[in-house]
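J.:
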Amino acid sequence: MADTTVVDVKLSDTLCHGAQKHGMTREEVFRYYDNWADRYDKDLFDLNYGGPRQCAEALAEVLSGNKTARILDVAAGTGLCAMELIKLGYTNLDAIDGSQGMLDIAKSRNLYHRYICDFLGPRRLDIEDDHYDAIACCGSFSQGHLKDDCLPELIRIVKPGGLICITMREEFLYTVEAYKDKLEPAMMALEEKGSWEQVARDIVPKYYRQLDGITFIYRVLA
Ligand SMILES: C[S@@+](CC[C@H](N)C(=O)[O-])C[C@H]1O[C@@H](n2cnc3c(N)ncnc32)[C@H](O)[C@@H]1O
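Read left to right, the sequence shown gives residues -5 to 216 (the numbering used here).
1. Check whether the segment 173 to 188 touches the segment 151 to 158, taking contact to mean three or more Cβ pairs, one atom from each stretch, closer than 8 Å.
2. Determine the closest residue to L38 out of E22, V56, C75 and E55, with distance taken between C-alpha atoms.
3. Write down every uninterrupted run of the alpha helix (DSSP H) in the segment 62 to 128 whose length is 4 residues or greater and which is fully enclosed by it, in chain order.
4. Within a Cβ cutoff of 7 Å, which residues of the same chain sit near R25, ignoring the five residues on either side of it in sequence?
5. By Cβ distance below 7 Å, which residues in the same chain neighbour M(-5) in space, the five residues on each side in sequence not counted?
6. So, with DSSP's three-state summary, where would you put A(-4)?
7. State whether the segment 47 to 57 contacts the segment 200 to 212, with contact taken as three or more CB pairs (one from each stretch) at a distance under 8 Å.
8. Classify M182 as helix, strand or coil using the three-state DSSP reduction.
9. At the level of alpha carbons, what is the spacing between D28 and H139?
10. From which residue to which residue does the alpha helix (DSSP H) around Q48 run?
11. Flag this pair as yes or no: are the beta carbons of L66 and D88 separated by less than 7 Å?
12. Taking the beta strand (DSSP E) that D206 falls in, what are its first and last residues?
13. I'd like to confirm the pairing. Which residues does DSSP put opposite R195 in its beta bridges?
14. Looking only at C-alpha atoms, which of L145, E122 and S134 sits nearest to G115?
Below you can see the structure in the form of structure tokens.
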């Protein structure tokens, strides 16, 4: 029995790493998630993935009880973060993700009002200005996934005074080429421009297996 568990965790870890292979195109990333969607939750459970709960709790804390807040779950996947937000009483949720397979699992759980299959990058989304009170974004800043080029668009669709909560693996800030000396400087540049202000930058222990995560919370200004 113990052996089976070790084998299970090894396979889950391998599948998780498969989504982050260097040099994957955006289409390859989404195809990978489409194929992985059916067992994604089981694998992430085996890997003690605490991110969705940690992200939801951090956002709930700054939303200060506004349970009707309209929240977009960015790169929502199968809806793990929404499940945590719902437990905390936040039910006015939409999802966006580039993988239809992942969104189909979320849809089967009836978690969101709107399911948007689209990719986030330096391009306009089919969402009006100032539409959301908040964004939750968990586990989606990773090798080959979201980059800082989508941040201005996230800011555009959140109301002034609204909140953006990003939780990711902390080491990725230093080990992922696209983020090293780029992601936090880009966040700071948006702050200097007056687009948003930092509310929190917290290290989150045991985000994934024994590894730390980091949660950034920003308040949108303009
Ligand atoms: C590790 S999963 C995280 C899913 C969910 N937030 C969670 O915590 O379980 C990463 C998700 O990001 C999505 N994704 C990656 N790059 C994306 C992009 N540029 N635009 C939209 N979705 C993207 C993938 O399709 C996948 O569902």
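Where is the CB? At the ideal position from N, CA and C, for every residue including glycine.
T.: Here's the rundown:
1. no
2. Distances from the alpha-carbon of L38 to those of E22, V56, C75 and E55 put C75 closest.
3. 74 to 81 and 94 to 102
4. Closer than 7 Å at Cβ, skipping near neighbours: no residue.
5. Any reading at M(-5) must be qualified, since the residue scores a pLDDT of 42, below 50, and its modelled position is unreliable; the value itself is stated next. No residues qualify anywhere along the chain.
6. Any reading at A(-4) must be qualified, since the residue scores a pLDDT of 47, below 50, and its modelled position is unreliable; the value itself is stated next. In the structure shown, A(-4) sits in a helix (DSSP, three-state: H, G or I).
7. yes
8. In the three-state DSSP reduction, M182 falls in the helix class (H, G or I).
9. Spanning the two alpha carbons is a distance of roughly 14 Å.
10. G45 to L57 is the extent of the alpha helix (DSSP H) around Q48.
11. yes
12. The continuous beta strand (DSSP E) containing D206 extends over residues L205 to V214.
13. F210
14. L145
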